[in-house]
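Enquirer: In this note's numbering, the protein residues as written are 1 to 141.
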């Protein structure tokens with residue numbers, strides 16, 4: 001009886017060895033995938049952070065430009081004799097800029113908000129008959 005048991009143990013051991021050989025490539029591929037995935041997550045997070053940081057800085061400088069534009073013209077509206085309709089538009093532009101989110105809020109679509117601000121600015125610039133565009137090329141980070 002002991003010979004039968006030792007033969008079964010040896011038999012299962014040899015089966016495990018063959019199984020390990022058979023699936024060794026799969027195990028190596030799986031391990032490589034896990035390691036590569038972890039490296040990719042780390043690198044992509046860093047790249048995504050930098051992209052978001054720079055894009056946020058660009059949008060922030062653009063919103064700041066529009067806000068200062070509105071404040072300048074509102075402070076000089078009596079001197080410049082700006083019509084009431086345009087003054088109201090400048091006030092709306094100023095308010096939109098102030099309400100633009102300073103942090104990432106999921107409830108607010110910042111792309112819709114910035115497009116609304118850009119549209120308001122273009123309308124006011126046309127009403128004032130001035131050609132001033134925000135130059136993104138001049139913003140470097």
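From the three backbone atoms N, C-alpha and C, an ideal C-beta is built for every residue, glycine too.
Can you grab the Cα-Cα spacing for the pair residue 68 / residue 29, in whole Å?
Expert: Within the chain shown, the letter at position 68 stands for residue 68. Within the chain shown, the letter at position 29 stands for residue 29. The straight-line gap from Cα to Cα measures roughly 57 angstroms.
Enquirer: Look up residue 47 in the DSSP assignment and say whether it is helix, strand or coil.
Expert: Position 47 of the chain shown, counting from 1, holds the residue named residue 47. Here residue 47 sits in helix by DSSP.
Enquirer: Between which two residues does the alpha helix (DSSP H) harbouring residue 128 extend?
Expert: Numbered from 1 along the chain shown, position 128 holds the residue referred to as residue 128. Here residue 128 belongs to no alpha helix (DSSP H), and DSSP marks it neither H nor E.
Enquirer: To the nearest angstrom, how far is it from the Cα of residue 128 to the Cα of residue 115?
Expert: Locating residue 128 in the chain shown gives position 128, counting from the first residue. Locating residue 115 in the chain shown gives position 115, counting from the first residue. Rounded to the nearest angstrom, the two C-alpha atoms are 20 angstroms apart.
Enquirer: Could you spell out the range, first to last residue, of the alpha helix (DSSP H) harbouring residue 105?
Expert: Indexing the chain shown from 1 puts residue 105 at position 105. Premise fails: residue 105 is in no alpha helix (DSSP H) and is neither H nor E.
Enquirer: Quick one: grab the DSSP three-state call for residue 76.
Expert: Walking along the chain shown from the start, residue 76 turns up at place 76. In the structure shown, residue 76 sits in coil (DSSP, three-state: anything other than H, G, I, E or B).
Enquirer: Compare the beta carbon distance of residue 73 and residue 93 with 7 angstroms and say whether it is the shorter of the two.
Expert: Position 73 of the chain shown, counted from the start, is the residue given in the question as residue 73. Position 93 of the chain shown, counted from the start, is the residue given in the question as residue 93. For residue 73 and residue 93, no; Cβs fall outside 7 angstroms.
Enquirer: DSSP three-state call for residue 59: helix, strand or coil?
Expert: Taking the chain shown and counting its residues from 1, one reaches residue 59 at position 59. Looking at residue 59 - three-state DSSP - the assignment turns out to be helix.
Enquirer: Which whole-angstrom value describes the C-beta separation of residue 23 and residue 63, a residue pair presumed to lie in contact below a C-beta threshold of 8 angstroms?
Expert: Position 23 of the chain shown, counted from the start, is the residue given in the question as residue 23. Position 63 of the chain shown, counted from the start, is the residue given in the question as residue 63. Residue 23 to residue 63, Cβ: 57 angstroms. No contact.
Enquirer: Counting only the same chain and skipping the five closest in sequence on each side, list residues whose C-beta sits under 7 angstroms from that of residue 120.
Expert: Start at 1 with the first residue of the chain shown, and residue 120 comes out as number 120. Taken in chain order, the residues that qualify are 89, 92, 93, 96.
Enquirer: Exposed or buried, what is residue 57 when buried is set at 16 or more other beta-carbons lying within 10 Å of its beta-carbon?
Expert: Counting from 1 along the chain shown, the entry for residue 57 is found at position 57. It is exposed - the Cβ of residue 57 has fewer than 16 other Cβ atoms within 10 Å.
Enquirer: Please classify residue 117: is it buried, with 16 or more other beta-carbons within 10 angstroms of its beta-carbon, or exposed?
Expert: For this step, residue 117 is matched to residue 117 along the chain shown. Buried.
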